[in-house]
Amino acid sequence: MLEIANLGKQYPTPRGPLTVLSEVSLSLNRGEAVAITGPSGAGKSTLLYIAGALEPPTSGSVTLDGVNPYKVAEKELAAFRNRNIGFVFQDSCLLPQCSVLENVLVPTLVASGRAAWPTRARELIAQVGLEDRLDHRPSELSGGEKQRVALARALVLRPRLLLCDEPTGNLDEASAEMVAALLLRLHERQETILIVVTHNPALAARFPKRYELRHANLHPAGA
Amino acid sequence: MRTYTLLARNLAWYWRTNLAVLLGVATATGVLGGAALLGQSVRATLRGLVLDRLGNTGSIVTRSGFFREELAAALQPAVPVIALEGVVEDERSLSRDAAAQVYGVDERFWKFQALPGEPPRAHEIILTAALARELEARPGDEILLRVPKPSAIPLESLHGRKDEIGKTIRLTVARSAAPLHEFSLRPQQGDVRAVYVPLARLQRDLNQPGKVNTLLTRDRYSPSRESAKTRGLTTPSQGATVSRQSTPPRAAAWTEPSVPSGFRPVRALPLVVSTESPLTPPRASSSGSALDRLLKQRYTLADVGLRTRTLAKPACLSLESDSALIGDAVAAAAFSAAQSLGLRAEPLLTYLVNALRVRGREVPYSVVTALDSALAPAREDGVTLNDWAARELGARVGDAVTLEYYVWRSDARLHTDAAQFRVERVVPLAGDAADPDLAPQYPGITQSRSFRDWDPPFPLDLTRIRPSDEQYWDRYRTTPKAFVRLARGRRLWGTRFGGLTSIRVFPPSPAFAGALRAALDPSQAGLTAVPVRAESLKAAEGATDFGEYFVYFSFFLIVSALLLTGLFFKLGIEQRTREIGVLRSLGFSASKIRALFLLEGAVLAVAGSVAGVGAALAYGALVLLGLRTWWFDAVGTRLLSLHASVPSLAMGAAAGVVAGLGTVAWTLRGLHAVAPRGLLAGELESRPARWRWLTGSAVALLAAALAGAALSGAVGQAAGFFGAGALLLVAALLFQSAWLHARRPAAAGGLVALGLRGVRYRPGRAVLCIALIASAAFVIASLDAFRRDGASAGTGGFQLYANAELPLIHDPNSESGRSALNLPPLPGVRFVSFRLRPGDDASCLNLYQPRNPRILAAPPAFLRSAGFTFQGVDGHPPNPWLLLESKPASGAVPAIADANSMTYALHRKLGEEFEMAGVRYRIVAALQDSLFQSELIVSEENFLRLFPDSQGYRFFLLNTPPGQSGPVARTLAAALADYGFDPQPTGALLASYHKVENAYLSTFRALGALGLLLGTVGLAAVSMRNVLERRRELALLRAAGFRRRHLFTLVLAENAFLLLMGLSTGAACAALATAPAVSARGGHVPVTSLAALLALVAATGIASSAAATAVALRAPLLSALKSE
């Protein structure tokens, strides 16, 4: 279970602290998915990064299955991310020097029980429809394909929390639709907690729970 | 997927950046390894020269006097030669060399050294190629060779023949020796200027038939044997295993109760008996080698100038010396030998006095014997007269008698002294009192038939000779006319060469000679064995570790290469910032990522180091080429060659790996500080950093403190200010880094102002560029301030200096001295004469380690008036020169050295005590940039105590009237040509030392310039990288109407700013660092050359940036905008 309680985030600026998030609370159970929308600069990505243990909050807490990642040492924090969290970014962020399979396997380099991961990676690649592109480099893939590889990479270690930052933001409509469908299908199959930050209303519409980030806080969409 | 798979992918994908990093490491490795090779090569070259020139010679037996050629047979295999230094003149070309090595050799030498062709015969002379070149000599030319004429009787004693110290021999050039067969007993990196003359001819002309002064032996006696097969290939440490063992003084002999107390020398004295051939390394004692032991078994008394005579009346053995004087060490051995055989030994000192005078009556030129036998008076001031003398003088018991006599003092003048005695008794001229054998053999006197035939080496007034004196001579010859007590006689007539003329042993025993031989260490009588090969090899380790020096000289180049390595690595990391962010988001810890990059860096460092081995060979060869050509003055030889060795290359490679890895680690140090989100956004540098201001301030304060300490004298000015300047440079770079990292509100401005704002785009890169340029400017600007010119206080106000190959015995300042030397009057010219102990050149002109440096004896008057500048003094005496007359509690001999020689050649410190050739010295003061760089200076008193056998003066400083130094030098060179007297301007001597220093500075500057080249490469790389990374920004400007030249100006302004920041920072810090050096030169700064140099740096930097910018801007920028 993901528990975000009274979360606040401020950035120091020459004109004083800039509040991006204030008293944000959110609770999601395993298998739940939520889409967060909101205007640019509202703090959607900040919320995502805080939830993903990449950026500490100024106040409040984040716990995943009872563990607050910000209360562990840096090395354990990295291990926590590796074990529990998967990320998909807007521009896929694949390693250009590695093949599709290698990109998917990158997180396994710092994970335990290495022997099973190659099979798992191949399965995921097959699930995203790229089983015939295993040895291709990212430069040989389309934008949609890259995002599918990024999705496989995010899920390879069976994370409990999958965080997507504008996963279809750089894609054409067809590709976006394909990636969105894939995302939700894999989410269902993996029973992860899924949070997607998006500007895309079509994508957001596919989620049962939707929030809008306005005035530094979350509001149910349409409320 | 394994970590190494990712590693391999990274290395291959980013191959351009990685190649640049690899080349940076390779450059650093090449420079480090090359410097190590250089040190190895110099040492190997010096060793090679030693081994080639010594040929098959391993050890030698040597003596300043001559000894039997037959001794060679007793030490088989050994080759007898005469080794001297002399003046050589070609009669056709009139060219002259005043310090040539002269070897008297025959077939035995030729065979021993396996030389091709025939040895010189009859009137032939063979010149080494270098000497032949210098003299422009051709086969058939007539050569005048002037060599010191050996004299058993010390020149600085009454009977020494001061007018016959040299012998000129005319010979004909047969041919030049092949360059590879230049024999030399003295390690030297320069050409060997030597002549080979027939041994028999030299023996004949020197009146030394069957005698030589040197024996060459093979290596079997040397403590360190080395086969010819391994010559030049062995490691320096082999030479280092040789240790010299001094034979302890024969203290036991001196403590025998029967030894007369007056003969106990200072304990240290027997250790410093030194009478070696001038061509061999001076040494004080035996080395304890097998040759030493064999020599001790095989030498005869004749080999050390001693003989025994059996006398009938009285029946005794008379031990006498060729020098007519028996030294204290020999005397002690004789007493010990006599005592061991139960014999009685009676020491005698016989002297020729000018007059015995009683109440106005006198007897001229009488022999007087000092002794302690029955003939001796009981009282110290008593005298026993024979009845002939008493009658001639009208003397009665109780009468006062004046003895008037000549003494030759150490001031190079003959003095007439007188001593008062009282007649204690008169003895008949019979029995023991009628013994002409009490007097030694005096050449020119003893064999004369009459007084009128006397030919003594001192003035003789024949008008004082009366018929009765002639009758006495005719009948009694050298029979003494008076007897005094030995102790009194020794006080009056004893010299540093000895205080006895003979020792009589009663009864005569044939066993005495053997016992004396056994009791006497031949080295104490001047006959020594020298492991010349082992000692030369030790010296070949060099005064200077060139490897270490070139690491220093190349320091900036190494730093530049590493900065460049760091810069490229940093560029590589910056290029992969988002990738790092992704890895962090995927669960890679910062330390894991750092480990991954470190692993990459390690692979590149290892690969770079391997590539650097080749670069090391190239760099070593290039620098050696430089040393043989452009920087020849630094080493003075063109014989240096590259000697590659696996350890040197491995050391360079290992250092390269460590340095490369260190640089990579340093570059990665900031990775922790950046949050993953920042990395994902492409940010790598953390901001802002107050620590930079704080650290910069702390370093600046440290610089100020160091400068203050230098001003107050707590640390050396030059070192203090240089350190302060360097610290200030670091502080300035930290301030600039802080300024570039700080967020500033945007300021409106023109195109240039917009460009300057780009400097902040990647502040880390900008600071690295500034650091590269500033360091180069700092080094180059600093070096010019240390360059020396001829103007210096190091001449002490003297206009000329001169070395004399043959010693001058007379004082050229006195009229009598000038007359004896055939010198014309020289108004206004004043000589300061120094005694000289030949030895190794301790200056920067000698690459070999000076193990026994030249020693100069400064006369007392000089010590009280010398006007040289001191760099450091042990204590605060008003006149540091007088410290030479102090007596340190440790018993060490106070010595003054030039600061450069002390530090870089002798590797000693002010106040340090050290032992050299058996003598313990203490450096009491260090001269600043003086002409005394080749030697240690001691007081004359200490010199004569340490080196009693040294005779005359061989080094001179001259004051001349203004503008007269040239004519005076020419006059003296002509008048004293027979002495090899070679006056030269003191400024020229200093200039020769300065040339070496300046050559080193040129080397440093050239290597600094190479570093600068790397700096400009870095600047160009950064420029290109910045343009590529900002293509979208630049494309936007194009879209907004900027033309390509606008963009060019914009980017170039940014680079020019970095360049000017670097140059101004480096130059300003250098100004502080070199302030004392500039002040010492009278505030003279080579502004023009410095400005030209800095302008060149600026132009080069701007040109390289412009080229890089032009290349980068050539790409179609608008496509970048489209991809946005």
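Chains as they are written, first to last, in this note's numbering: chain A, 1 to 223; chain B, 224 to 1347. In this text, a Cβ means the ideal position worked out from N, Cα and C, and glycines have one as well.
- Contact between A152/A and L134/A does not hold, since their C-beta atoms are separated by about 11 Å, which reaches or exceeds 8 Å.
- If you draw a straight line from the Cα of A1192/B to the Cα of A1025/B, it comes to about 9 Å.
- At a beta-carbon threshold of 7 Å, the residues of chain A lying near E802/B are L95, ordered along the chain.
- Comparing alpha-carbon positions, the option among R1248/B, L1275/B, A1298/B and T1323/B lying closest to G1238/B turns out to be T1323/B.
- Around the C-beta of M1247/B, 16 or more other C-beta atoms lie within 10 Å, and the residue is accordingly described as buried.
- In this structure, the alpha-carbon of P343/B lies about 17 Å from that of R369/B.
- Two segments are said to touch when three or more pairs of C-beta atoms, one from each, lie closer than 8 Å; by this definition the region 603–612 of chain B touches the region 705–724 of chain B.
- In the three-state reduction of the DSSP assignment, M1284/B falls in the helix class.
- Within the same chain, and ignoring the five residues on either side of C164/A in sequence, the residues whose Cβ sits closer than 6 Å to its Cβ are V88 and V196.
- From the beta-carbon of F811/B, the residues of chain A found nearer than 7 Å are A78 and V110.
- Bounds of any alpha helix (DSSP H) do not take in I688/B, whose DSSP letter is neither H nor E.
- Neighbourhood of S935/B in chain A, by CB distance below 9 Å: empty, with the nearest CB roughly 45 Å away.
- Within chain A, the residues whose beta carbon sits less than 8 Å from that of A898/B are L54 and E55, listed in sequence order.
- Neighbours of V826/B in chain A, taken as residues at a C-beta separation under 8 Å, are lacking, since the least C-beta distance is about 15 Å.
- Within chain A, not a single residue places a beta-carbon under 9 Å from that of L246/B; the smallest gap is close to 21 Å.
- The criterion of a C-beta distance shorter than 7 Å is satisfied by D640/B and V630/B.
- Beta bridge pairing from DSSP links Q299/B with no other residue.
- For S868/B, the CB contacts under 6 Å within the same chain, skipping 5 residues up- and downstream, are Q263 in chain order.
- Inclusion of A742/B and S559/B in the CB contact set at 7 Å is warranted, their separation being smaller than that value.
- Proximity of the region 351–371 of chain B to the region 310–321 of chain B meets the contact definition, three or more beta-carbon pairs being nearer than 8 Å.
- Listed in chain order, the non-local C-beta contacts of H866/B below 6 Å within the same chain comprise Q263, S264 and A267, local neighbours out to five positions each way being set aside.
- L1031/B is positioned such that its CB atom lies no closer than 7 Å to that of F1057/B.
- Here the region 1224–1243 of chain B makes no contact with the region 403–423 of chain B; the two share fewer than three CB pairs at distances below 8 Å.
- Listed in chain order, the non-local C-beta contacts of L821/B below 8 Å within the same chain comprise L884, V887, A888 and L891, local neighbours out to five positions each way being set aside.
- By the CB criterion at 7 Å, L1029/B and G1203/B fall inside the cutoff.
- Taking 7 Å as the cut-off, the Cβ atoms of V418/B and I348/B count as close.
- Within the model, the alpha-carbon separation for S1109/B versus L1212/B is close to 30 Å.
- Taking every protein chain shown into account, the CB of Q670/B has fewer than 16 other CB atoms within 10 angstroms, so this residue is exposed.
- For W236/B, the secondary structure class from DSSP, reduced to helix, strand or coil, is helix.
- Listed along chain B are S812, A813, S814 and K815, each with a C-beta nearer than 9 Å to that of K75/A.
- Here E1256/B carries a helix assignment [DSSP, helix/strand/coil].
- Cβ-Cβ separation between G1095/B and L1068/B: approximately 22 Å, too far for a contact (criterion under 8 Å).
- With respect to the 7 Å criterion, P745/B and V396/B are not classified as neighbours on the basis of their beta carbons.
- If you draw a straight line from the Cα of Y211/A to the Cα of I193/A, it comes to about 15 Å.
- The C-beta distance from L77/A to A111/A rounds to 15 Å, too long to meet the 8 Å contact threshold.
- Taking one beta carbon from each stretch, the region 62–79 of chain A and the region 807–820 of chain B have 3 or more pairs nearer than 8 Å; the two touch.
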